[in-house]
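Protein chains in written order, with UniProt numbering: chain A, 1 to 196; chain B, 1 to 196. Contents: one structure, followed by commentary.
Number of protein chains: 2
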Amino acid sequence: MRSPQAEAAAGGFGNETPPLPGTRFRSTVSLHKLRRFNILILVFRFAAFCFSLASAIFMFTNSKDSDLPSWQDFDAFRFVAVANAIVALYSLMEIGASIWEILRASTFLPEIIQVWFDFGHDQVFAYVLLSANSAGASLARTLKETDTCTASNTFCIQSDISIALGFAGFLFIGFSSLLSGFRVANFIINYSGFYL
Amino acid sequence: MRSPQAEAAAGGFGNETPPLPGTRFRSTVSLHKLRRFNILILVFRFAAFCFSLASAIFMFTNSKDSDLPSWQDFDAFRFVAVANAIVALYSLMEIGASIWEILRASTFLPEIIQVWFDFGHDQVFAYVLLSANSAGASLARTLKETDTCTASNTFCIQSDISIALGFAGFLFIGFSSLLSGFRVANFIINYSGFYL
């Protein structure tokens, strides 16, 4: 008969199935934990989607009159609009993948591809969004000293709002990238058996 | 007698010592791996230190003549100079901690504090540095269209070089933050027994 310690070490599985790192994934407790984790990621992605979409819309509609300055006239504002639009699109896609994962308890792409795809894109898009918003904020600040803002104060205020929303979007995609980074590390450590 | 499977599941340890997650840390193979990992972090930190120090020096010395424009006159350039100086200082400190860890095979602060300290600061400083450099690049681009650059072309070129060096510094502190993020995840998974 096996000792209680050996039983515990084997994770409660029978002798025929020694616990491979991946098998912990299947236990009910882990599934609950994974579900909570996925719901948290979903919430962050949804927030990132809302903020970056709002930011992109605010910037894209920032040229009502042909006499007034337009967002297309400024490199940094073009960068803000496009970066936020891309992040909104990516977040929408990831919301779909996240819902799929919560409902079916398996990833949309094969797991190794999915975790690296999510993490890589989260990291890159978080940096791109921050870079765009910082460049936009710097330009908006410079414009305040020129006569662009005296000619059309609405243009400057709308740009400021768009950039502020963009920063909020960055915050949430940054949180998502932390969580998806944890998933990658978890995947590497548990599946490849790589321990420090 | 215990079956070979149970023996394997218990990780080759006796019945008295079921393998706690942390005990893998002590094996010689792991120590070698940890040493390689720490040397890689040290290389990244050294590169980040060199680039951000060079960037800060280039920006701080960008006002030789009182008639010409100075970096202090522009918010974004002040941000670039200060952010790079802070990152250079932080990197120097982390180089010290890294060398301590390689030589003594233990962290400078208690391990839980050290891994979170490194990761948190790496993340924040990577974002701060990127933000500063993006804002600086945006301003430098705007300045090219004004008469500041025609009055003193050297000022604009030196700013550009400083910003480019700052982006290189960001790249290396970004890599460091990936590695220290992996260390945090490894710490959470192996020491607190948290598995997804």
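In this text, a Cβ means the ideal position worked out from N, Cα and C, and glycines have one as well. In this text the structure is predicted, and so the values were computed from the model without any measurement.
Are the beta-carbon atoms of residue 203 of chain B and B:S131 separated by less than 8 Å? Here chain B has residues from 1 to 196 only, and residue 203 of chain B is not among them.
According to the neighbour-count rule (16 or more other Cβ atoms, all chains shown, within 10 Å of its Cβ), is A:R104 buried or exposed? Its Cβ having fewer than 16 others within 10 Å, A:R104 is exposed.
For chain A, check one thing: does any of its Cβ atoms lie closer than 8 Å to the Cβ of B:N186? Contacts with chain A at 8 Å (Cβ-Cβ) include B:N186.
Taking 8 Å as the CB-CB limit, is residue 200 of chain B close to chain A? Past the boundaries of the shown model lies residue 200 of chain B; chain B is included only from 1 to 196, so the question cannot be answered.
Closer than 7 Å by beta-carbon distance: list the chain B residues that pair up with A:D75, in chain order. Contacts between A:D75 and chain B, judged by CB atoms closer than 7 Å, involve R141 in chain order.
Starting from A:L130, find everything on chain B with Cβ-Cβ shorter than 7 Å and list it in chain order. Near A:L130 (Cβ distances below 7 Å), the residues of chain B are Y127, L130 and S131.
Identify whether A:E101 lies in helix, strand or coil by the three-state DSSP scheme. In the structure shown, A:E101 falls within a helical segment according to DSSP collapsed to helix, strand and coil.
Cα-Cα separation between B:R45 and A:A151, rounded to whole angstroms: Looking at the two C-alpha atoms, the distance is approximately 48 Å.
Look at the alpha carbon of B:F170 and the alpha carbon of B:I189, and state the distance between them as a whole number of angstroms. Roughly 28 Å separates the two Cα atoms.
CB contact flag (A:I39, A:S176, <8 Å): At a Cβ-Cβ threshold of 8 Å, A:I39 and A:S176 do not count as neighbours.
How would you list, in chain order, the residues of chain B whose beta-carbon sits under 8 Å from the beta-carbon of A:F175? In chain order: nothing, as chain B lies at least about 11 Å away.
Between A:I95 and the rest of its own chain, which residues show a CB-CB distance below 8 Å, the 5 nearest in sequence each way excluded? Take A:I95, set aside five residues on each side of it, and the residues of its chain with a beta-carbon closer than 8 Å to its own are L42, R45, F46 and F49, in chain order.
For A:A140 and B:F182, the rounded distance between their alpha carbons: Taking the straight line joining both Cα atoms gives about 37 Å.
Taking 8 Å as the CB-CB cut-off, is A:Y191 touching chain B? Chain B contact via Cβ: absent.
In the DSSP assignment, the alpha helix (DSSP H) including B:H123 goes from what residue to what residue? Before going on, a small fix: residue 123 of chain B reads as Gln here, not His. For B:Q123, the enclosing alpha helix (DSSP H) has its first and last residue at E111 to K144.
Of the residues A:A126, A:F117 and A:S66, the one placed nearest A:A83, counting alpha carbons only: Of A:A126, A:F117 and A:S66, the residue nearest in Cα terms is A:A126.
Same chain, Cβ closer than 7 Å to A:A54, five either side skipped, listed in chain order: Cβ within range, chain order: L165.
Check the Cβ of A:A135 against every Cβ in chain B and list those closer than 8 Å, keeping chain order. Result: S134, A135, A137 and S138.
To the nearest angstrom, how far is it from the Cα of A:M59 to the Cα of A:S134? Distance between A:M59 and A:S134, taken at the CA atoms: about 15 Å.
Alpha carbon to alpha carbon, how far is A:N153 from A:E145? Give it in angstroms, no decimals. Cα-Cα distance, rounded: 12 Å.
Chain-order list of residues whose beta-carbon lies under 7 Å from that of B:H121 (same chain, five-residue window excluded): Cβ within range, chain order: Y90.
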